[in-house]
Amino acid sequence: MHSSLIIRGLLLAGLVTAVYPAGARAQDAAKSAEPVTVPLVNTTFKDEDKNGIPDGWKDYPGVVGNTAITPDAAGGVKLKDDDEGNGIGLAQWIPVTPGADYMAAVELEGTGSVSLNLIFVPSIPAKEAMVGQIQLSTVREFYPSAGGKQVTAKAPEGSKYARVWLYCPKSGKCDVLVKSITLKTIGGTTTPMAAAVAKTGKPSAGATDSSKLVEPPRNDHGQKHPDSTLKDGNLGLMDFETGDLSQSRLMEGGKYEVVTAPEPVRAGKYSMKVSLRHDKVRSEATSFRSPADGIAKYGWSLYLPNEFDGMTQFSIVSQWHTWGSGRVAIIHPPGPPTCIVISKNTWSLLLRYQDPDNKEQYMATKKEFSFGDITADKGKWTDFVMEVCWRGPKEGNGYLRLYKNGEKVVDYEGITYFDDATSGPFFKMGVYKGAGKWKGEEAGAVLYCDEFRMAGKETPTYLVDPNPERRAAGGNAPVPPIQPANANNPNKTAAAATPAPAPEPAK
11 MHSSLIIRGL LLAGLVTAVY PAGARAQDAA KSAEPVTVPL VNTTFKDEDK
61 NGIPDGWKDY PGVVGNTAIT PDAAGGVKLK DDDEGNGIGL AQWIPVTPGA
111 DYMAAVELEG TGSVSLNLIF VPSIPAKEAM VGQIQLSTVR EFYPSAGGKQ
161 VTAKAPEGSK YARVWLYCPK SGKCDVLVKS ITLKTIGGTT TPMAAAVAKT
211 GKPSAGATDS SKLVEPPRND HGQKHPDSTL KDGNLGLMDF ETGDLSQSRL
261 MEGGKYEVVT APEPVRAGKY SMKVSLRHDK VRSEATSFRS PADGIAKYGW
311 SLYLPNEFDG MTQFSIVSQW HTWGSGRVAI IHPPGPPTCI VISKNTWSLL
361 LRYQDPDNKE QYMATKKEFS FGDITADKGK WTDFVMEVCW RGPKEGNGYL
411 RLYKNGEKVV DYEGITYFDD ATSGPFFKMG VYKGAGKWKG EEAGAVLYCD
461 EFRMAGKETP TYLVDPNPER RAAGGNAPVP PIQPANANNP NKTAAAATPA
511 PAPEPAK
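Going by the working numbering, 82 is the number at position 72 of the sequence shown; the sequence numbering is gapless.
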């Protein structure tokens with residue numbers, strides 16, 4: 011039997027207070043702080059054109075398998091998902107004002123897990139599936155939600171649009187009647203999006219230029235697909251909040267799955283869990299390439315369980331690989347040119363690059379940077395941010411800076427890549443233990459990954475930081491690094507007594 015729930019997801023942040031003289035100015039200030047309605051299209055989900063989808067809304071994901079979207083004759087729309095292999099949702103676009111506050115509310119009844127999302131972007135992509143590549147920030151709440159949880163958000167700098175998205179995740183089920191939705195703003199535009207834009211998910215002529223946005227090919231590292239390189243100004247994302255692995259360009263090797271609490275999750279509701287059996291040597295998720303000889307910024311978070319084996323055999327947990335990027339120097343012994351390795355319970359960054367002193371052969375040389383024991387990092391999330399300029403010997407002026415939990419642990423200037431490359435390296439995270447059989451227990455080869463973001467030269471570094479507090483600070487203020495997990499809940503972290511410095515801006 012379904013219980014009636016009235017959901018109020020308040021998406022609100024950063025209320026600004028000001029002092030005004032008594033009288034008219036004070037009254038004007040009070041009025042300016044009052045929320046005003048944003049004109050969403052069809053807030054009660056009517057289907058007057060009888061095409062099975064509420065007018066002004068886009069079905070994303072659409073009906074597949076044992077899922078259904080059914081407008082109700084008495085009002086509202088029914089979302090039903092009995093298929094754990096497929097998700098279902100409804101979305102529309104709105105124009106937004108950077109710095110403005112937004113408040114959304116949904117009235118629904120039923121059972122199951124449904125999320126309400128506001129996804130802020132600088133432009134509307136050509137395809138709905140490409141939103142994750144360019145999104146600047148996302149706020150969401152999952153319902154039914156005991157106690158009416160509240161989330162906060164502000165349209166980030168550079169945002170022009172937001173996608174309002176109701177979504178039942180692929181890994182969950184739902185059976186709800188969504189009766190109505192409202193959206194209000196303080197300080198934001200109330201100009202309505204054209205009806206054609208709301209229905210198709212594409213901008214009207216002149217609204218935005220999305221012609222250069224390309225959906226990356228899957229199941230290919232980019233050797234035959236140069237468009238798998240992340241374009242500057244876009245934001246690559248793997249935070250698994252789709253409830254599946256669709257944000258990855260390629261899944262490689264052994265066992266991997268999207269999990270939720272009570273298993274560790276860095277932010278949101280989902281993370282990726284990878285594990286190795288003895289008949290596999292890798293279990294990894296792959297993302298974009300960077301431009302050749304260019305600046306790239308990466309942020310991601312790893313969780314080492316207490317049982318993680320960092321002694322018996324090495325584990326590569328993050329890597330930047332050059333396969334398919336043109337001419338590459340001979341690497342001996344073979345391996346990824348750049349990677350983060352755990353060996354003998356120690357974190358290390360291994361950087362391989364073209365040897366400028368070997369004029370006879372096109373060979374690689376290497377540098378290794380160790381940055382501490384892993385023991386204190388077990389049982390909690392470890393955040394990484396890396397700023398790098400991939401440069402071979404001809405151009406020079408390369409650099410690599412690595413931050414762990416907000417602290418700079420590698421600061422290198424010099425050659426970082428190879429001459430004659432046609433594209434930059436692609437990023438992978440997970441576990442890799444080398445060719446052949448590996449030693450140790452399978453229980454010690456489990457790792458969790460979350461909150462990966464990647465960007466180019468024009469995007470501020472703070473936007474890739476996996477620490478949501480640091481991202482919310484906008485790079486303008488230091489915030490505490492992540493601390494040991496709460497013993498009763500591995501997803502909760504305590505505040506630090508001393509703030510860590512924010513990552514330095516790229517050169």
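C-beta: ideal position from N, C-alpha, C; glycine also. Model, not experiment: these values are computed from the prediction.
For a test of the three-state rule: what should DSSP assign to Gly122, helix, strand or coil?
Residue mapping note: residue 122 aligns to position 112 of the sequence shown, counting from 1. Three-state result, Gly122: strand.
Range covered by the alpha helix (DSSP H) that runs through Arg481:
If you number the sequence shown from 1, residue 481 lands on position 471. For Arg481, the uninterrupted alpha helix (DSSP H) segment begins and ends at Pro478 to Ala482.
Fully enclosed by the segment 135 to 198, which beta strand (DSSP E) runs are 3 residues long or longer?
Taking only runs of at least 3 residues, the beta strand (DSSP E) segments lying wholly in the segment 135 to 198 are 147 to 153, 171 to 178 and 184 to 196.
Going straight from the alpha carbon of Cys184 to that of Ile98, what length do you get?
Stepping through the sequence shown from its first residue, residue 184 is reached at position 174. Stepping through the sequence shown from its first residue, residue 98 is reached at position 88. Cys184 and Ile98 have their C-alpha atoms spaced approximately 9 Å apart.
Of the residues Phe298, Gly263 and Ser181, which one's Cα is nearest the Cα of Thr239?
The residue you call residue 239 lines up with position 229 of the sequence shown. Closest by alpha carbon: Phe298.
Simplified DSSP state of Val474, which is helix, strand or coil:
Residue 474 sits at position 464 when you count from the first residue of the sequence shown. In this structure, Val474 counts as helix in the three-state DSSP scheme.
Who are the near neighbours of Ala277 in its chain, counting only those whose CB is closer than 6 Å to its CB and skipping five residues on each side?
As a position in the sequence shown, residue 277 is number 267, starting the count at 1. Excluding positions up to five away in sequence, the list reads Glu461 and Pro478.
Length of the line joining the Cα atoms of Gly450 and Tyr442
The residue given as residue 450 occupies position 440 in the sequence shown. The residue given as residue 442 occupies position 432 in the sequence shown. Cα-Cα distance, rounded: 13 Å.
Anyone know if the C-beta pair for Lys438 and Glu294 falls short of 8 Å?
Taking the first residue of the sequence shown as 1, we reach residue 438 at position 428. Taking the first residue of the sequence shown as 1, we reach residue 294 at position 284. Closer than 8 Å, so yes.
Can you name the residues that DSSP bridges to Ser293?
Along the sequence shown, read from residue 1 onward, the residue named residue 293 stands at position 283. DSSP output for Ser293 lists Gly263 and Val441 as bridge partner(s).
Over what stretch of residues does the beta strand (DSSP E) that includes Glu3 continue unbroken?
Outside the displayed range of the chain (11 to 517) lies residue 3, so it cannot be described from this structure.
DSSP beta-bridge partners of Glu370:
Reading the sequence shown from its first residue, position 360 is the one you call residue 370. According to DSSP, Glu370 bridges with nothing at all.
Reduced DSSP category for Glu225 - H, G, I as helix; E, B as strand; rest coil:
One-based indexing of the sequence shown puts residue 225 at position 215. Only weak support exists for where Glu225 lies, its pLDDT of 33 falling under 50; the coordinates are left without a value.
Compute the distance between the beta-carbons of Leu314 and Gln143, then report whether it is under 8 Å.
For the purposes of this step, residue 314 is taken as residue 304 along the sequence shown, with counting starting at 1. For the purposes of this step, residue 143 is taken as residue 133 along the sequence shown, with counting starting at 1. Contact flag unset, no.
Consult DSSP for Ser133 and reduce its assignment to one of helix, strand or coil.
In the sequence shown, residue 133 corresponds to position 123, counting from 1. Of the three classes helix, strand and coil, the one that applies to Ser133 here is coil, per DSSP.
For Asn127, count neighbouring C-beta atoms within 10 Å of its own C-beta (all shown protein chains included) and say buried if the count is 16 or more, exposed if not.
Within the sequence shown, residue 127 is the residue found at index 117, counting from 1. It counts as buried.
Distance CB(Thr296)-CB(Leu260) smaller than 8 Å
In the sequence shown, the residue the question calls residue 296 occupies position 286. In the sequence shown, the residue the question calls residue 260 occupies position 250. Going by C-beta atoms, Thr296 is nearer than 8 Å to Leu260.
Using CA coordinates, which residue listed in Arg337, Lys388, Glu58 and Tyr308 is at the minimum distance from Ser433?
For the purposes of this step, residue 433 is identified with residue 423 of the sequence shown, where counting begins at 1. Of Arg337, Lys388, Glu58 and Tyr308, the residue nearest in Cα terms is Arg337.
Beta-carbon gap between Thr426 and Leu361 smaller than 8 Å:
Looking up residue 426 in the sequence shown gives position 416. Looking up residue 361 in the sequence shown gives position 351. Going by C-beta atoms, Thr426 is nearer than 8 Å to Leu361.
Please report how far the alpha carbon of Ala352 lies from the alpha carbon of Ser311, in whole angstroms.
Position 342 of the sequence shown, counted from the first residue, corresponds to residue 352. Position 301 of the sequence shown, counted from the first residue, corresponds to residue 311. One point to set straight first is that residue 352 is Ile, not Ala, in the sequence displayed. Distance between the alpha carbons of Ile352 and Ser311: 15 Å.
Can the beta-carbon of Tyr472 be found closer than 8 Å to that of Arg480?
For the purposes of this step, residue 472 is taken as the residue at position 462 of the sequence shown. For the purposes of this step, residue 480 is taken as the residue at position 470 of the sequence shown. A contact, by the Cβ cut-off of 8 Å.
Apart from the five residues on each side of it in sequence, which residues of its chain come closer than 6 Å, Cβ to Cβ, to Cys564?
Since the first residue of the chain shown is 11 and the last is 517, residue 564 is not available in this structure.
Starting from Gly246, trace the beta strand (DSSP E) both ways and give me its first and last residue.
As a first step, residue 246 must be located in the sequence shown, where it is residue number 236. Its beta strand (DSSP E) spans residues Gly246 to Met248.
Unbroken beta strand (DSSP E) run spanning Lys283, endpoints:
Here residue 283 refers to the residue found at position 273 when the sequence shown is read from its first residue. Secondary structure note for Lys283: its beta strand (DSSP E) is the uninterrupted segment Tyr280 to Ser285.
Whole angstroms are fine: how far does the CA of Tyr112 sit from the CA of Asp367?
By 1-based counting over the sequence shown, the position of residue 367 is 357. By 1-based counting over the sequence shown, the position of residue 112 is 102. Looking at the two C-alpha atoms, the distance is approximately 57 Å.
Is Ser325 helix, strand or coil when you go by DSSP?
The residue given as residue 325 occupies position 315 in the sequence shown. Strand, per DSSP.
Quick one: what does DSSP say Ser256 is sitting in, helix, strand or coil?
Taking the first residue of the sequence shown as position 1, residue 256 is located at position 246. If DSSP states are grouped into helix, strand and coil, Ser256 belongs with coil.
With distances taken between CB atoms, is the gap from Gly109 to Ala165 smaller than 8 Å?
Stepping through the sequence shown from its first residue, residue 109 is reached at position 99. Stepping through the sequence shown from its first residue, residue 165 is reached at position 155. A Cβ-Cβ contact shorter than 8 Å links Gly109 with Ala165.
DSSP three-state assignment for Glu405, whether helix, strand or coil:
On the sequence shown, position 395 is the one that residue 405 refers to. Coil.
Whole angstroms are fine: how far does the CA of Val395 sit from the CA of Lys279?
In the sequence shown, the residue the question calls residue 279 occupies position 269. In the sequence shown, the residue the question calls residue 395 occupies position 385. Counting only the Cα atoms, Val395 lies some 22 Å from Lys279.
Once you ignore the five residues that flank Val131 on each side, which residues in its own chain have a CB closer than 6 Å to its CB?
Sequence index remark: in the sequence shown, residue 131 carries index 121 (1-based). Short of 6 Å from the beta carbon of Val131, and not among the five residues preceding or following it, lie these beta carbons of its own chain, in chain order: Ile144, Gln145 and Tyr171.
What do you get for Ile326, buried or exposed, if any count of 16 or more other CB atoms within 10 angstroms of its CB means buried?
As a position in the sequence shown, residue 326 is number 316, starting the count at 1. Ile326 should be labelled buried.
Can you tell me the Cβ-Cβ gap for Leu193 and Leu50, rounded? I've got them flagged as a contact below 8 Å.
Working through the sequence shown from its first residue, we reach residue 193 at position 183. Working through the sequence shown from its first residue, we reach residue 50 at position 40. Contact annotation, Leu193 with Leu50: C-beta distance approximately 5 Å; criterion of less than 8 Å satisfied.
Tell me where the beta strand (DSSP E) around Met203 begins and ends.
In the sequence shown, residue 203 corresponds to position 193, counting from 1. No beta strand (DSSP E) holds Met203; DSSP gives it neither H nor E.
Taking C-alpha atoms, which residue in Asp475, Tyr458 and Ser358 lies nearest to Gly416?
By 1-based counting over the sequence shown, the position of residue 416 is 406. Ranking Asp475, Tyr458 and Ser358 by Cα distance to Gly416 puts Asp475 first.
How about Thr200: is its C-beta nearer than 8 Å to some C-beta of chain D?
The structure shown contains no chain D; it is built from a single protein chain.
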